[in-house]
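Visitor: For the numbering used here, add 1 to where a residue sits in the sequence shown, where the first one is 1. Supplied in C-alpha coordinates, the structure appears directly below.
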Amino acid sequence: MTKSDIKTALAESDRPVMSVAHLTDALPASHVTIRNYCLALAEAGELETVKIGKATAFYLPESHTESEPTDPEKAKA
(Lines of atoms letter the chains of each structure in order from A; the text may use other names.)
(Lines give C-alpha, C1' and ligand atoms only; values in the text may rest on other atoms or scores of the structure.)
Protein backbone atom coordinates (compact mmCIF):
# COMPACT_ATOMS: atom_id res chain seq x y z
CA MET A 2 0.00 0.00 0.00
CA THR A 3 1.37 3.40 -1.02
CA LYS A 4 0.35 7.03 -0.73
CA SER A 5 -0.60 6.82 -4.39
CA ASP A 6 -3.14 4.11 -3.49
CA ILE A 7 -4.86 6.59 -1.18
CA LYS A 8 -5.10 9.18 -3.94
CA THR A 9 -6.45 6.55 -6.33
CA ALA A 10 -9.07 5.41 -3.80
CA LEU A 11 -10.21 9.01 -3.33
CA ALA A 12 -10.32 9.65 -7.09
CA GLU A 13 -12.34 6.50 -7.76
CA SER A 14 -14.73 6.87 -4.82
CA ASP A 15 -18.36 7.88 -5.19
CA ARG A 16 -17.91 9.92 -2.01
CA PRO A 17 -16.76 13.55 -2.25
CA VAL A 18 -14.61 13.06 0.87
CA MET A 19 -13.39 10.02 2.80
CA SER A 20 -12.43 9.59 6.43
CA VAL A 21 -9.56 7.40 7.56
CA ALA A 22 -12.16 4.79 8.58
CA HIS A 23 -13.62 4.74 5.05
CA LEU A 24 -10.14 4.50 3.53
CA THR A 25 -9.25 1.68 5.94
CA ASP A 26 -12.29 -0.25 4.67
CA ALA A 27 -11.19 0.31 1.06
CA LEU A 28 -7.45 -0.32 1.36
CA PRO A 29 -5.26 -3.13 2.74
CA ALA A 30 -3.53 -1.14 5.49
CA SER A 31 -4.02 -0.28 9.14
CA HIS A 32 -5.87 2.75 10.43
CA VAL A 33 -2.59 4.22 11.74
CA THR A 34 -0.77 3.77 8.42
CA ILE A 35 -3.57 5.34 6.40
CA ARG A 36 -3.90 8.22 8.87
CA ASN A 37 -0.16 8.92 8.73
CA TYR A 38 -0.09 8.75 4.93
CA CYS A 39 -3.13 11.05 4.64
CA LEU A 40 -1.60 13.59 7.01
CA ALA A 41 1.67 13.51 5.06
CA LEU A 42 -0.19 13.97 1.77
CA ALA A 43 -2.20 16.86 3.24
CA GLU A 44 0.97 18.51 4.54
CA ALA A 45 2.49 18.20 1.04
CA GLY A 46 -0.61 19.82 -0.49
CA GLU A 47 -1.67 16.67 -2.32
CA LEU A 48 -4.85 16.25 -0.22
CA GLU A 49 -7.22 18.73 1.39
CA THR A 50 -8.96 18.20 4.72
CA VAL A 51 -12.35 19.07 6.17
CA LYS A 52 -13.62 18.49 9.72
CA ILE A 53 -16.88 16.56 9.98
CA GLY A 54 -17.81 16.48 13.63
CA LYS A 55 -14.76 15.11 15.44
CA ALA A 56 -13.45 13.33 12.34
CA THR A 57 -11.18 14.68 9.65
CA ALA A 58 -12.09 13.78 6.08
CA PHE A 59 -9.74 13.95 3.13
CA TYR A 60 -10.29 14.83 -0.51
CA LEU A 61 -8.28 15.60 -3.61
CA PRO A 62 -7.81 19.29 -4.42
CA GLU A 63 -9.53 20.49 -7.60
CA SER A 64 -6.20 20.61 -9.42
CA HIS A 65 -5.93 16.82 -8.98
CA THR A 66 -9.51 16.04 -9.98
CA GLU A 67 -9.79 18.02 -13.21
CA SER A 68 -9.34 15.71 -16.14
CA GLU A 69 -7.65 16.64 -19.37
CA PRO A 70 -9.72 16.24 -22.52
CA THR A 71 -8.63 13.11 -24.36
CA ASP A 72 -10.13 14.18 -27.69
CA PRO A 73 -7.67 16.50 -29.52
CA GLU A 74 -10.58 18.36 -31.14
CA LYS A 75 -12.05 19.19 -27.70
CA ALA A 76 -8.64 20.35 -26.52
CA LYS A 77 -8.55 22.94 -29.33
CA ALA A 78 -11.91 24.45 -28.32
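Note that CB positions come from ideal geometry on N, CA and C, so glycine has one too. Computed from a predicted model, the values in this text were never measured in an experiment.
Measuring straight from C-alpha to C-alpha, what distance separates residue 8 and residue 40?
Guide: Looking up residue 8 in the sequence shown gives position 7. Looking up residue 40 in the sequence shown gives position 39. Rounded to the nearest angstrom, the two C-alpha atoms are 12 angstroms apart.
Visitor: Which residue or residues does DSSP assign as beta-bridge partners of residue 57?
Guide: Along the sequence shown, read from residue 1 onward, the residue named residue 57 stands at position 56. Per DSSP, the beta bridge partners of residue 57 are 52.
Visitor: Kindly indicate which residue of 27, 18, 43, 11 has the alpha-carbon position closest to the one of residue 147.
Guide: Not covered by the structure: residue 147. The range shown for the chain is 2 to 78.
Visitor: Tell me where the alpha helix (DSSP H) around residue 47 begins and ends.
Guide: Walking along the sequence shown from the start, residue 47 turns up at place 46. For residue 47, no alpha helix (DSSP H) encloses it, and the DSSP letter there is neither H nor E.
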